[in-house]
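K.L.:
Residues 49 to 204 (the numbering used here) are what the sequence shown spells out, left to right. For glycine and all other residues, C-beta sits at the position ideal for the given N, C-alpha and C.
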Amino acid sequence: MEKGRTFETVVGVFVLIIAACFFNYVYSKSSWKSIDGYVLKAKFDRADGLTEGTDVKISGVRVGKIDNIEVDPKTFFAVVTFHISEDIKVPTDSSANVASDGLFGGKYLSITPGGEEETLKNGEEIERTTGPVNLESLIGNFVMSKDDAKTAGANS
Numbered sequence: 049m050e051k052g053r054t055f056e057t058v059v060g061v062f063v064l065i066i067a068a069c070f071f072n073y074v075y076s077k078s079s080w081k082s083i084d085g086y087v088l089k090a091k092f093d094r095a096d097g098l099t100e101g102t103d104v105k106i107s108g109v110r111v112g113k114i115d116n117i118e119v120d121p122k123t124f125f126a127v128v129t130f131h132i133s134e135d136i137k138v139p140t141d142s143s144a145n146v147a148s149d150g151l152f153g154g155k156y157l158s159i160t161p162g163g164e165e166e167t168l169k170n171g172e173e174i175e176r177t178t179g180p181v182n183l184e185s186l187i188g189n190f191v192m193s194k195d196d197a198k199t200a201g202a203n204s
């Protein structure tokens with residue numbers, strides 16, 4: 049009877065070790081881990097599609113993540129606070145925009161580096177920002193311009 053219990057204990061410990069290794073591997077390959085670095089801010093008139101934990105990318109490569117999104121009570125702009133990896137230095141004349149992974153893809157914060165030598169420090173703000181493109185408005189404007197062209201052609 050003791051042999052059976054010892055075997056079960058050894059198998060149980062082995063399974064726990066394998067499970068711990070698996071979770072460690074998944075954690076190391078995922079975006080769950082926090083990014084050490086410094087904090088920057090950007091203000092947008094609209095921040096549609098951005099949430100806490102959303103990726104921050106430069107040239108399509110993940111360099112950080114969004115920590116917080118809140119509304120500035122004075123300007124009513126969306127204030128996005130995010131972490132950037134320590135080894136990435138963002139020039140002061142850089143710009144930020146809300147980008148999309150495709151027509152139906154998720155949104156992310158894209159940073160386009162500027163050419164200045166001076167870089168942003170912890171807590172500073174990216175001044176140049178562009179909100180997301182509103183696909184519905186674009187389609188509506190396109191349809192309306194077609195209707196206007198037809199109306200103008202019919203009146204000629």
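Let's see if you can read the secondary structure: which residues bound the beta strand (DSSP E) around Val119?
P.N.:
109-119
K.L.:
Where Ile117 and Gly162 are concerned, what is the direct C-alpha to C-alpha distance, given to the nearest angstrom?
P.N.:
24 Å
K.L.:
Could you check if Phe190 is buried or exposed, using at least 16 other CB atoms within 10 Å of its CB as the buried criterion?
P.N.:
exposed
K.L.:
Taking just the CA atoms, how far does Gly108 sit from Thr54?
P.N.:
Computed Cα separation, rounded: 52 Å.
K.L.:
Count the other CB atoms, across all protein chains shown, that sit within 10 Å of the CB of Leu168; report buried if there are 16 or more and exposed otherwise.
P.N.:
buried
K.L.:
Between the alpha carbons of Ser143 and Phe92, how many angstroms are there, rounded?
P.N.:
11 Å
K.L.:
If you draw a straight line from the C-alpha of Gly179 to the C-alpha of Cys69, how long is it?
P.N.:
Straight-line measurement puts the Cα of Cys69 at about 41 Å from the Cα of Gly179.
K.L.:
Tell me whether Glu56 sits in a helix, a strand or coil according to DSSP, three-state version.
P.N.:
helix
K.L.:
Given the structure, does Val111 come close to the ligand NAD, in the sense that its CB is under 6 Å from one of the ligand's heavy atoms?
P.N.:
No copy of the ligand NAD appears in this structure; indeed no ligand is present at all.
K.L.:
How would you write the range of the beta strand (DSSP E) that Gly97 sits in, first residue to last?
P.N.:
Counting along the chain, Gly97 falls outside any beta strand (DSSP E), and DSSP gives it neither H nor E.
K.L.:
Quick one: residues in its chain with C-beta nearer than 6 Å to the C-beta of Arg176, no 5 flanking neighbours on either side, listed in chain order?
P.N.:
Ser143
K.L.:
Starting from the Cα of Ile159, find the closest Cα among Asn72, Tyr86, Ile106 and give me that residue.
P.N.:
Distance check between Ile159 and each of Asn72, Tyr86, Ile106 places Ile106 closest, using alpha-carbon atoms only.
K.L.:
Identify whether Phe218 lies in helix, strand or coil by the three-state DSSP scheme.
P.N.:
Look at the range of the chain in this structure, 49 to 204, and you will see that residue 218 is not part of it.
K.L.:
Compute the beta-carbon to beta-carbon distance between Lys89 and Glu173, rounded to the nearest angstrom, for a pair I have assumed lies under 8 Å.
P.N.:
4 Å
K.L.:
Provide the residue span of the beta strand (DSSP E) that contains Lys137, from first to last.
P.N.:
Boundaries for Lys137: no beta strand (DSSP E) harbours it, and the DSSP string shows neither H nor E there.
K.L.:
Between which two residues does the beta strand (DSSP E) harbouring Lys105 extend?
P.N.:
For Lys105, the uninterrupted beta strand (DSSP E) segment begins and ends at 103-106.
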